[in-house]
Structure formats: structure tokens, C-alpha cells
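Per the working numbering, the sequence shown starts with residue 3, numbered consecutively.
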Amino acid sequence: MSKLWGGRFAKATDALVHEFNASLRFDVRLAAQDIVGSQAWARGLVGAGVLTQEEADTIIAGLEQVGDELANGRFQFDPGDEDIHTAVERRLTEIVGAVGGKLHTGRSRNDQVATDFRLWLLDAIDQVAAMLTDLQRALVASAEANLNLPMPGYTHLQHAQPVTWGHWVLSHFWPLVRDQERLAQVRQRTAVLPLGSGALAGTAFPIDRQALAHELGFTAISQNSLDGVSDRDFAADFLYAATMIGLHLSRLSEQLILFSSSEFGFVRLDDGYSTGSSLMPQKKNPDTLELTRGKSGRLLGNLVGLLTTLKGLPSSYDKDLQEDKEPVFDAFDTLSQIIPIMAGLLRTLQLRPENMAKQLEPNLLATDLADYLVKRGVPFRQAHHLVGEVVQLAENRGVPLTELTLADLQSVSEKFGEEATAVFDIETSLSSRAIIGGTAPQALQAQLAAARQQLG
Ligand code: ARG
């Protein structure tokens, strides 16, 4: 096996070491970016007076052919190819001859890989953002279809106050808005060009880095070459953003798993999005949701793994940095599965309002009864206590709150008047929460409009 860097070596690399050192297995995913980045570099070398226009044209056309071979699977890898960068350069030189050996002037794989990786991630971020937008549309559509459908709201997974399906489903929309913001920030920090940093000290040829950045779609250039070759903040930022997306989908999954259980029965998963049991014929399992919940662990693992790799590295490039790509690729692949699946699951989800209605029991209105006393001048803390006594009275009698008579209520406090029992109405309770962000119909209309506006 011949190595691009073999000049000073008297002996071949140990086979296990070659395997260990090689990254081709996974960085082959950077092929398209390596070609584009190399073509831009060739143009830069013309500007710097290193290549003639003719030499650059030959190299650029040769790279085009290498790119085609890689894209259509006809590229013949050589056992000596260490990574995608060496494979491309080796093949280029086979195609165009010795002039191919001029391409790497002033460039190092250190600034090359950082450039390729950023280019790849810019595209990946755009894809994730688009998938997220589609999921957000599915959530909005679900909210729209059943905006005012009453259901019990929970805190501590205990009956709390009535809310609506639209309100609940939109509570999973806004976290994704924040995820989109995070992705946009990651994108900005990723769009910084390291090319021109060389191995660590900067290129000794007068390359126009601004022009390179512009050509490759970067919005800024790195200002310190040592930092340029070793900065992987953008990868960690992406993994954090990915982890947060995973976490949000995990929480949504968890709740839908509960809601689809026999105990809740609020929703029914479409057959296309659930699976059966090999033993129990009656089972319909929410495997898709459970796997989505489980994948959040893997996303977090990728983040922690990379952060641990980066911690304690001396400045500039160290081979540890080769460990940056697999967690990012894995996070992207994971998101590319779970986001579209969640969107499809939501679009086919059936609601079971009859089971939601069964759970709309009077205790959910205890706060409304306390609010009623407040409107009659009772300090809230005292009202809270009095309604607590009313709840206890009903519990002792074994009847729902709504079955207490006015006399019962007045036995606890004479502040209760004739109209007190009028608060025992789900619709009244819902519509009283008309504040921005609340569960009243007009507040939900406004929230839906705000959500749609986010989607542009
Ligand atoms: N495959 C390497 C990586 O992914 C490319 C950079 C290698 N640089 C070096 N000096 N060995 O990081």
C-alpha cells in the first residue's frame, strides 16, 4: 500500500494500524463536499499564482470525473486509501497525471476535512429543518382539526384542569420552534470557512479566502488557523440541537404511548404505525413511539461522546478529531427516521373523544369553584382551603363534586351562593381561560394563528 505521506517511512504501516487509522468507512459520506471543496481550492490556487488556468481546468475536470465515479458507485477504492481525501487525490492523479499532485499545495487534510465536514453539515441542517417544519405542520393540522375538543389536563399525571386537544397538541409545537431557532444558530456557526488554515499555521500562498468562502456558500472565514483546524463547536452544537429534538419527540412519544393504552384510550394508532406481538394475538404495540423515545438516549450519547473527545485536546489538529464525524452522521440518520415517522403517525392518529369525555370528571373544576369564591371577595388562599373541604365532603359521601347541593356547599361556607353550581361546566371552565396562551376558544384561535405564522 502506498501512502500519500509515505516519503519519510522506511516500513509499511502495520495492517491493524492501517485499519485503525483509516476513516474511509465513514468519511466516504463527505465525497461530494470533498470534490466541490477541492475544485474551489484549485480556482483559489490560480488566483494565488500557483496553478495556471489550464492546469486548474484539467484538475477541475478530473475532479468532476472522480465525483461522478463516486456518485454512481463505479469508483474503485484502493486498499491503501486512508480516507476520502486521499482516495480522491489518488484517483485524480491517475486520471490527470502529475498535475494532480499540485492540487494539495498549501492545503492540509486538517483544513480540508474541517471544510468538508462543515459543508456536509450545512446541507444536513437544512434537511433536518425541513423535516421539522413538516412535523410542525402535522401538529398544527391535528390542533386545527380538534382545536376545542375537551380533554383532561394533567400535572404530575393527575387530573388537574380541563384543556383541549388543540391546546395539548400545540404544547408540542412550540418546543420545535425553539429547535428550529437552535438549528438556525448552529447553521450560522457552521458557515465559517477554515480552508486556508493549512495544517495549523496558515497557507503560505496568497489565497483569497473571502472568495473561497463566497464560492462555497460560507458566510464568514475563520480568524485563527490553529482554531480553524480544531474548532468542532459546530458539531457539538448540532448534536445538542439534535438531542433537544430527540428529547422533545421522546416526551411526545411517552404521552402518546400513555394516551393509546387501554387505561387512557384517548387515541388509536394507525395500523401502519404500530406493530403486533409474536405471541399475543390481541396486541397492538406502539413500537414506533417507544423506539423514538429510546433513540433520544442514542442522540444524547452522541453529544456526550463528542464532548468527551474534545475535552482536554491541545490546540490545533489532533487525530482524536477524526472521531467527530460518526456521532454527527448517526444523529442525522436518527433524526431522518424519527421526525418523518412522527409526522406520519400524527397525520394518521385517530382520536377517541368518548374516552376523553369519560375522564372529564368534576374534580377538574375544583379550581373554578375556588375562583368563584375569589370573585365573591374571598382571598384565594382561603378559597383554596374551603374548596378543599368541599372536595373532602364529596369524597366522604362517595359522590362527585357536582352532586353536592347548595346546602352542602353552604355548610362549608356561606359565601357559596345560588349560582355556585353553574361553575360545574367544562365549557365555562375552558372559556374562562381566555388569556394569551390559555385554553379558551378565542385564545386557541390566536395561538393557532401564531403557530401558522411561524411556519410562514
Ligand atoms: N481523516 C482525517 C480526519 O477525519 C483527516 C485529517 C487527517 N489529518 C492528519 N493530519 N492525519 O480527521
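C-beta: ideal position from N, C-alpha, C; glycine also. Just so it is clear, the structure is predicted and the values come from calculations on it, not from any experiment.
- Checking the 7 angstroms criterion, the Cβ of residue 106 is out of range of every heavy atom belonging to the ligand ARG.
- When DSSP states are grouped into helix, strand and coil, residue 242 belongs to the helix group.
- Boundaries of the beta strand (DSSP E) around residue 153: 152-157.
- Every alpha helix (DSSP H) of 4 residues or more that sits fully in the stretch 19-44 is shown, in chain order, as 26-29.
- As a beta-bridge residue in DSSP terms, residue 270 pairs with 352.
- Secondary structure at residue 15: coil, using DSSP grouped into helix, strand and coil.
- Shown here, residue 284 sits in coil according to DSSP, grouped into three states, outside any helix or strand.
- The closest CA to that of residue 105, considering only 406, 402, 37, 353, is found on 37.
- The shortest C-alpha to C-alpha distance from residue 377 to any of 187, 417, 413, 345 is the one to 417.
- Residue pairing for residue 195: DSSP places it in a beta bridge opposite 223.
- At least one heavy atom of the ligand ARG lies closer than 7 angstroms to the C-beta of residue 25.
- Residue 286 and residue 270 have their C-alpha atoms some 10 angstroms from each other.
- Note that the C-beta distance between residue 249 and residue 178 is not below 8 angstroms.
- Annotation: the continuous beta strand (DSSP E) that includes residue 166 extends over 160-166.
- Look at residue 87: its beta carbon is less than 7 angstroms from one of the heavy atoms in the ligand ARG.
- With a cutoff of 7 angstroms, residue 323 counts as near the ligand ARG, since its C-beta is closer than that to a heavy atom of the ligand.
- Rounded to whole angstroms, the separation of the alpha carbons of residue 268 and residue 356 is 8 angstroms.
- DSSP places residue 290 in the helix class (H, G or I) of the three-state scheme.
- Note on geometry: alpha-carbon atoms of residue 405 and residue 379 lie some 25 angstroms from one another.
- Taking 8 angstroms as the cut-off, the Cβ atoms of residue 325 and residue 336 do not count as close.
- By the CB criterion at 8 angstroms, residue 35 and residue 176 fall outside the cutoff.
- Residue state for residue 107 is assigned as coil, using DSSP reduced to three classes.
- Taking 7 angstroms as the cut-off, the C-beta of residue 36 does not count as close to any heavy atom of the ligand ARG.
- Under DSSP, the beta-bridge partners assigned to residue 277 are 287.
- Between the C-alpha atoms of residue 276 and residue 264 there is a straight-line separation of about 15 angstroms.
- Under the three-state reduction of DSSP, residue 128 is assigned to helix.
- When the beta-carbon positions are compared, residue 33 and residue 45 stay at least 8 angstroms from each other.
- In this structure, residue 189 has its CB at a distance of at least 7 angstroms from all heavy atoms of the ligand ARG.
- Taking C-beta separations shorter than 8 angstroms and ignoring five residues to either side along the sequence, the partners of residue 124 in its chain run 189, 192, 193, 219, following chain order.
- Closest option to residue 318, judged by alpha-carbon separation, among 173, 111, 54, 157: 111.
- Taking a 10 Å sphere around the C-beta of residue 102, we find 16 or more other C-beta atoms and assign the residue as buried.
- Residue 329 and residue 424 have their C-alpha atoms spaced approximately 58 angstroms apart.
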